[in-house]
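**Q** Please see the structure below; I have some questions.
In the working numbering, the protein residues as written are 7 to 164.
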């Protein structure tokens, strides 16, 4: 489903104690990831979350950082943000596959509440369009997914 087709979202809501969220971001494309983070923070502010941000070198490091954070503990959920732009070599395919599979494996194995905001685009202008301060912002979408996962984890913990 594309963002254009996504439903309009109501303000985020999460019952219970303040959520502690770790955002792990790969700010290789600083303006793009910064825009996604602004969008995500707006959603996380709606639920009154306590947010911590950690930077990694690039998208490839996202799964390992997620695993380290889970082992360390202290957060209720995680939001991953990054961007990979297709280049002239196969590097794009290998990075995207490794990151997506790594994150999915950790998510399925641990069941941690997770929002995954990794842009995988053919050109930088596509990433810019998905990180603006509007409803097309994929950081907003990933944060809403995280809030839904947090709510589900709380419901099932009762």
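Even for Gly, the Cβ is constructed at its ideal location relative to N, Cα and C.
Quick check on residue 7: does DSSP put it in helix, strand or coil?
**A** For this step, residue 7 is matched to residue 1 along the chain shown. Confidence is the limiting factor: at residue 7 the pLDDT is only 45, short of 50, which leaves the residue's position unreliable and the question unanswerable from this model.
**Q** Buried or exposed, going by whether 16 or more other CB atoms sit within 10 Å of the CB of residue 56?
**A** Position 50 of the chain shown, counted from the start, is the residue given in the question as residue 56. It counts as exposed.
**Q** Please return the same chain residues whose Cβ sits closer than 7 Å to the Cβ of residue 105, not counting the five positions on each side in sequence.
**A** Locating residue 105 in the chain shown gives position 99, where the first residue counts as 1. Within the same chain, residue 105 has close Cβ partners 65, 66, 68, 69, 124.
**Q** Pairs of beta-carbons, one from the region 42 to 50 and one from the region 94 to 108, closer than 8 Å: are there three or more?
**A** They do not touch, by the three-pair rule.
**Q** Less than 7 Å between C-beta atoms, sequence neighbours within five positions excluded: which residues of the same chain meet that for residue 108?
**A** Along the chain shown, read from residue 1 onward, the residue named residue 108 stands at position 102. The answer, listed in chain order, is 69.
**Q** How long is the line joining the alpha carbons of residue 73 and residue 84, rounded to whole angstroms?
**A** As a working note, residue 73 is residue 67 in the chain shown. As a working note, residue 84 is residue 78 in the chain shown. If you take the alpha carbons of residue 73 and residue 84, they lie about 11 Å apart.
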